[in-house]
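Encoded as structure tokens, the structure appears first; notes follow it.
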Amino acid sequence: MTMPFLPPVRDQAELENASHCILHWRARDLSVDGVGGQLGAFSRGTSGTIEDPVFAAFTTGAQQPNFEPRLWGIIGYTPMTLRVGPTDILNWEAAWRPKAFAWYLEFLFTAMPVGALWSISNEAISGARFFLDANGGRYRVQHHNGTTAVAATLSSTPPATDDRVELYGYCSASGQVSLYQRINGGEATNAVNTATLTPASTWGGGTARARLTALGTTSGVSGGHRFRTFKLVAGAPTYDQIVSAF
Amino acid sequence: MADSIYINGSSLEALGLRLVDGGPSLDGLQRSRATVPLPGRAGHLSSPFSTTEPRVYRFACFTTGITTVAQRLALLDYYSDLLTGPVELRFVDGTTRCAMGICRVFQGAVQSPTFVNIAATITVEVVCANAARYESEPSMLVLGTTPVPVPVGTVAHGGYIITTTSGFTPFTVTYRSVGGVALGQIAVSPTLASGDYLILDLDAHDVVKVDTAGVRTREKLWDTSPTTWFSILPRDADRRAGAYATLESSIPAAYYFRLNWEN
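Order-wise, the sequence lines are chains A and B. All residue numbers for the first sequence refer to the working numbering, where the first residue is 2 and numbers rise by one. All residue numbers for the second sequence refer to the working numbering, where the first residue is 8 and numbers rise by one.
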């Protein structure tokens with residue numbers, strides 16, 4: 002076989018947004034889809050409530066995501082957020098294999114979640130999965146390979162109402178999990194890293210999806226959280242690299 | 008080193024580059040307006056519309072901290088990755104505003120003698136079809152029967168209006184200048200089931216229904232006379248005084264928009 006004398010094709014969709022992240026979602030796009038084109042699925046099934054910057058309220062439609070601007074004093078301006086109610090779930094197909102990755106979640110704190118803030122899981126919550134929830138009033142991240150699990154739990158002070166919270170962490174190629182918390186742009190505090198855990202070859206079979214505010218089909222936020230950014234980034238980038246990853 | 012320009016969220020300096028030339032920085036929009044000679048008149052007739060060319064941002068950087076050809080190649084590769092597809096630019100003198108464009112020029116040069124020097128000069132040109140800079144964070148206002156002032160940048164903006172009032176409820180959304188002059192009005196006669204919502208797209212002049220299953224349907228016929236679609240224009244406000252044009256809606260509605268700026 003000889004090398005063809007054909008030049009490589011140009012990007013057929015270079016006018017469409019692209020992201021180098023595994024998943025990159027921003028409330029400021031006013032869309033449930035990821036920046037890189039992952040189709041987002043939003044479900045609630047009942048009306049919601051949003052407020053504008055002067056707290057005038059509006060009742061949203063059954064499947065209308067609650068995009069709401071919110072003044073975050075700590076950053077000095079009013080970013081767009083997705084305000085989630087107790088039954089809201091936003092999810093994207095998780096068609097990538099378990100591998101070393103970093104994750105990042107930025108939100109305005111209201112209360113500790115009663116379930117998962119985000120997860121990679123199938124509907125039955127079986128097989129390999131990864132999720133962030135709370136335990137004993139502290140955030141906890143778990144990696145389950147379908148047989149056993151490892152978990153890292155923060156010991157630092159939890160956020161207070163209306164704090165800007167950045168949670169991020171890593172799952173290494175050997176399945177080791179770490180978790181960091183930054184409140185209002187302060188210094189990061191971290192949980193003790195877990196032991197290694199051989200990752201499964203696929204995320205939980207069937208309908209594995211990346212789910213914001215849910216583990217499986219169980220929504221996990223007690224209501225009122227306002228999410229701004231959610232990212233999954235391949236490898237082990239630094240905090241600055243995660244934040245600027247596009 | 009202070010940050011200067013951000014490309015898709017990464018500052019040039021974080022990439023190991025030092026900005027040495029760039030522009031435009033403070034230019035407004037260029038406007039072209041055709042004119043037609045009118046015999047017997049002292050002058051030409053102006054076209055009713057002007058046009059604005061895409062904005063072109065061009066900047067040059069030196070590489071810093073590079074001591075090997077391999078490092079230089081890795082930087083060029085990473086830079087190339089960043090410049091693939093739409094490129095979001097932000098400038099340190101106004102990081103809440105963005106420009107979105109496509110890279111047209113990506114030049115790299117090494118000063119002579121090239122077999123001795125490692126550091127390169129990289130020149131990038133990004134063409135932005137949307138000549139305005141836009142606010143990275145959109146905003147939302149709740150509309151009702153009382154006129155609500157709508158902030159505006161130095162370039163007009165559209166956006167979309169959402170209502171969820173179910174039933175057969177004709178309604179209007181009225182746009183008024185800061186002086187209260189009605190300059191536009193959207194009149195819609197929708198039929199919404201409980202949980203449905205309706206989008207009025209001010210940019211596409213479109214009416215879209217979203218039902219409780221999330222299915223979208225264009226409902227152009229719900230747009231009834233007398234509809235005059237509008238944009239929020241800076242000249243309808245007194246921005247220096249913080250007095251803006253207003254919107255009012257005969258039923259509750261939410262208005263999402265993003266401010267646009269000349270620079």
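The C-beta atom is built at its ideal place from N, Cα and C for all residues, glycine as well.
Counterpart residues of residue i in DSSP-defined beta bridges
i	result
His-212(B)	His-212(B) pairs with nothing; no bridge assigned.
Asn-267(B)	Tyr-141(B), Val-162(B)
Gly-170(A)	Trp-104(A), Leu-180(A)
Thr-230(A)	Arg-27(A), Glu-107(A)
Trp-73(A)	Tyr-78(A)
Trp-119(A)	Leu-133(A), Leu-213(A)
Gly-101(B)	Phe-98(B)
Arg-84(A)	Arg-227(A)
His-51(B)	Pro-44(B)
Tyr-182(B)	Gly-191(B), Leu-254(B)
Phe-69(B)	Arg-25(B), Thr-128(B)
Asp-230(B)	Val-195(B)
Glu-17(A)	Glu-17(A) is not bridged to any residue.
Tyr-262(B)	Leu-148(B), Ile-168(B)
Glu-52(A)	Ala-58(A)
Ala-152(A)	Gln-143(A)
Gln-114(B)	Thr-130(B)
Ile-14(B)	Ser-17(B), Leu-96(B)
Trp-236(B)	DSSP lists no partner for Trp-236(B).
Beta-carbon neighbours of residue i, restricted to chain B and to distances below 7 Å
i	result
Arg-29(A)	Ser-143, Glu-144, Pro-145
Asn-18(A)	Gly-92, Pro-93
Neighbourhood of residue i by C-beta distance below 6 Å, restricted to the same chain and skipping five residues each side
i	result
Tyr-105(A)	Tyr-169, Lys-232, Ile-243
Gly-72(B)	Gly-23
Pro-93(B)	Met-107
Val-99(B)	Asp-10, Ser-11
Val-185(B)	Ala-244, Asp-245, Ala-250, Ala-252
From the options, residue whose alpha carbon lies closest to that of residue i
i	options	result
Ala-237(A)	Gly-37(A), Glu-69(A), Ala-153(A), Lys-100(A)	Lys-100(A)
Asp-12(A)	Leu-205(B), Thr-121(B), Thr-91(B)	Thr-91(B)
Thr-235(B)	Lys-216(B), Glu-226(B), Thr-224(B), His-212(B)	His-212(B)
Thr-111(A)	Ala-235(A), Glu-69(A), Val-166(A)	Val-166(A)
Thr-128(B)	Cys-135(B), Ala-136(B), Val-134(B), Ser-119(B)	Ser-119(B)
Gly-35(A)	Ala-211(A), Leu-109(A), Asn-123(A)	Ala-211(A)
Ala-220(B)	Leu-24(A), Ser-48(A), His-21(A)	Ser-48(A)
Gly-1(A)	Asp-89(A), Ala-152(A), Thr-230(A), Thr-208(A)	Past the edges of chain A, shown from 2 to 247, lies residue 1(A), and the structure says nothing about it.
Ser-11(B)	Val-117(B), Val-94(B), Gly-101(B), Arg-183(B)	Gly-101(B)
Pro-241(B)	Gln-78(B), Val-27(B), Arg-183(B)	Arg-183(B)
Gln-114(B)	Thr-103(B), Val-43(B), Ala-21(B), Leu-83(B)	Leu-83(B)
Phe-237(B)	Ala-260(B), Asp-208(B), Tyr-251(B), Ala-261(B)	Asp-208(B)
Val-63(B)	Tyr-86(B), Pro-55(B), Ala-139(B)	Ala-139(B)
Glu-255(B)	Leu-266(B), Gln-192(B), Leu-33(B), Glu-226(B)	Gln-192(B)
Val-178(A)	His-144(A), Thr-199(A), Ala-201(A)	His-144(A)
Ser-54(B)	Arg-223(B), Arg-48(B), Pro-44(B)	Pro-44(B)
Contacts of residue i in chain B (Cβ-Cβ under 8 Å)
i	result
Pro-70(A)	Glu-144, Pro-145, Ser-146, Met-147
Asp-241(A)	Ala-21
Ser-48(A)	Thr-171, Gly-202
Met-81(A)	Glu-144, Pro-145, Ser-146, Met-147
Partners in chain A for residue i, counting only beta-carbon separations shorter than 8 Å
i	result
Val-217(B)	Gly-62, Gln-64, Gln-65
Ala-261(B)	Ile-51, Asp-53, Phe-59, Thr-61
Distance CB(residue i)-CB(residue j) smaller than 9 Å
i	j	result
Arg-130(A)	Trp-204(A)	yes
Thr-79(A)	Pro-70(A)	yes
Gly-174(B)	Ile-239(B)	no
Val-162(B)	Leu-36(B)	yes
Ile-169(B)	Leu-205(B)	yes
Val-217(B)	Asp-203(B)	yes
Ala-252(B)	Ala-261(B)	no
Gly-221(A)	Pro-114(A)	yes
Ser-156(A)	Ala-192(A)	yes
Phe-178(B)	Ser-257(B)	yes
Asp-134(A)	Gly-147(A)	no
Glu-132(B)	Val-112(B)	yes
Thr-149(A)	Arg-139(A)	no
Phe-66(B)	Thr-130(B)	yes
Contact set between residue i and chain A, taken where Cβ atoms lie within less than 7 Å
i	result
Asn-15(B)	Phe-247
Gly-160(B)	None at all; the shortest Cβ gap to chain A is about 14 Å.
Partner residues on chain A for residue i, Cβ-Cβ distance less than 9 Å
i	result
Thr-130(B)	Residues of chain A passing the Cβ test: none, with the nearest at roughly 20 Å.
Tyr-204(B)	Thr-61, Gly-62, Ala-63, Gln-64, Gln-65
Thr-103(B)	Tyr-78
Ile-109(B)	Glu-15, Leu-16
Asp-88(B)	His-21
Own chain residues within Cβ distance below 7 Å of residue i, not counting five before or after
i	result
Asp-164(A)	Phe-110, Ile-184, Asn-185
Val-76(B)	Ile-125
Thr-289(B)	Any answer about residue 289(B) is impossible in this case: the structure gives chain B only from 8 up to 270.
Glu-269(B)	Gly-35, Leu-36, Ala-139, Thr-161, Val-162
Leu-118(A)	Leu-106, Leu-133, Asp-134, Thr-214, Gly-221, Val-222
Cβ shell of residue i (< 8 Å), same chain only, five flanking positions each side left out
i	result
Gly-217(A)	Ser-120, Ser-122, Asn-123, Glu-124, Ala-125, Ile-126
Interface residues of chain B facing residue i [CB-CB closer than 9 Å]
i	result
Asp-12(A)	Thr-91, Gly-92
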